[in-house]
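Let me begin by presenting the structure, written as structure tokens, before commenting on it.
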Amino acid sequence: DTAVSQTPKYLVTQMGNDKSIKCEQNLGHDTMYWYKQDSKKFLKIMFSYNNKELIINETVPNRFSPKSPDKAHLNLHINSLELGDSAVYFCASSQEGRRQGADTEAFFGQGTRLTVV
Amino acid sequence: DAKTTQPTSMDCAEGRAANLPCNHSTISGNEYVYWYRQIHSQGPQYIIHGLKNNETNEMASLIITEDRKSSTLILPHATLRDTAVYYCIVRVPYTDKLIFGTGTRLQVFP
């Protein structure tokens, strides 16, 4: 059973289009994330949600809109795609670690490779 | 910005121990050290974490210096499947944010 699953795995689209990436976790975690890995392999957090509430928003353009219909799902919708949005997007989940000392092992999905042409 | 520095790359012979160093000289007293690895563009995989004491699990051992300014991840018997980029991360307290640096690319050779 896949713990954190993302769809699609590959996404090729034209500039200006709107696209969504879906993420689901079956671990019962209450926190989910989106990370972006650019062409230089640098991994950076974009958003985190805890129990459907936005917790972290790392100065991501508002063309990116995460949506969490329930705590097991965190989808990423991107409007007006640009060439610079090409990257691998990783979804992850963990139990809430905002309490000091709490263990927060994050589980990552296999990634969605987005190519904007 | 990442609060850790790691060598860019390392090699290790299969079957030998791989010792991956990490410097985190500005770490605060309540910040944990986490290690993740990423195998060939798969999703990052958790390895181990610690605060002050040395830790061991089925994957690796984590040795943290007494002043907590550096740590070493030890893979006791490296295999070819351990070839990956290894990230040392200081977790931001009171948040769930993992700030990844550039990591160490470990190449295990036969």
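Just so you know, the protein sequences line up as chains A and B, in that order.
Per our numbering, the first sequence starts with residue 30, numbered consecutively.
Per our numbering, the second sequence starts with residue 31, numbered consecutively.
Where a beta carbon is used, it is the ideal one built from N, C-alpha and C, also for glycine.
Find out if the Cβ-Cβ distance for the pair residue 108 of chain B, residue 48 of chain B is shorter than 8 Å.
yes
Which same chain residues end up closer than 6 Å to residue 94 of chain A when comparing Cβ atoms and leaving out the 5 residues on each side of it in sequence?
106
Can you pull out the residues from the region 35-52 of chain B whose beta carbon lies closer than 8 Å to at least one beta carbon of chain A?
Result list empty, no residue passes.
When you compare only the Cα positions, how much space is there between residue 97 of chain B and residue 33 of chain B?
16 Å
Can you look up residue 121 of chain B in the DSSP assignment and give me helix, strand or coil?
coil
Identify whether residue 129 of chain A lies in helix, strand or coil by the three-state DSSP scheme.
With a pLDDT of only 49 at residue 129 of chain A, under 50, the local geometry of the prediction cannot be trusted, and the value read off the model is given with reservation. It is coil, neither helix nor strand.
Using the Cβ count rule (16 or more neighbours within 10 Å means buried), how would you classify residue 98 of chain A?
Burial check for residue 98 of chain A: the Cβ neighbour count within 10 Å stays below 16, so the residue is exposed.
Starting from residue 76 of chain A, follow its DSSP beta bridges and name the residues at the other end.
In DSSP, residue 76 of chain A forms a bridge with A:63 and A:86.
Test: residue 43 of chain A CB closer than 8 Å to a CB of chain B
Closer than 8 Å: no.
Sufficient close CB pairs (3 or more, under 8 Å) joining the region 81-94 of chain A to the region 59-68 of chain B
No, the region 81-94 of chain A does not touch the region 59-68 of chain B.
DSSP state of residue 136 of chain B, grouped into three classes?
In the structure shown, residue 136 of chain B sits in a strand (DSSP, three-state: E or B).
Give the single residue among A:115, A:57, A:134 and A:144 whose Cα lies nearest to the Cα of residue 78 of chain B.
The option with the nearest alpha carbon to residue 78 of chain B is A:134.
Applying the 10 Å Cβ sphere with the 16-neighbour rule, what's the burial state of residue 47 of chain A?
exposed
Verify the CB distance criterion: does residue 82 of chain A have a CB-CB separation below 8 Å to chain B?
no
Against chain A, does residue 136 of chain B count as a neighbour if the rule is that its beta carbon must be under 8 Å from one of theirs?
no
Kindly provide the ranges of any beta strand (DSSP E) runs that are 3 or more residues long and lie completely inside the region 55-111 of chain B, ordered along the chain.
63-68, 75-80, 91-94 and 100-105
Quick check on the burial criterion: 16 or more other C-beta atoms within 10 angstroms. Buried or exposed for residue 18 of chain B?
Missing from the structure shown is residue 18 of chain B; chain B here goes from 31 to 140 and no further.
Within 8 Å (strictly less), CB to CB, does residue 152 of chain B reach chain A?
No answer is possible for residue 152 of chain B: the residues shown for chain B start at 31 and end at 140.
Reference residue 114 of chain A, options A:102, A:91 and A:33, closest by Cα
A:91
For residue 72 of chain A versus residue 122 of chain A, is the C-beta distance shorter than 8 Å?
no
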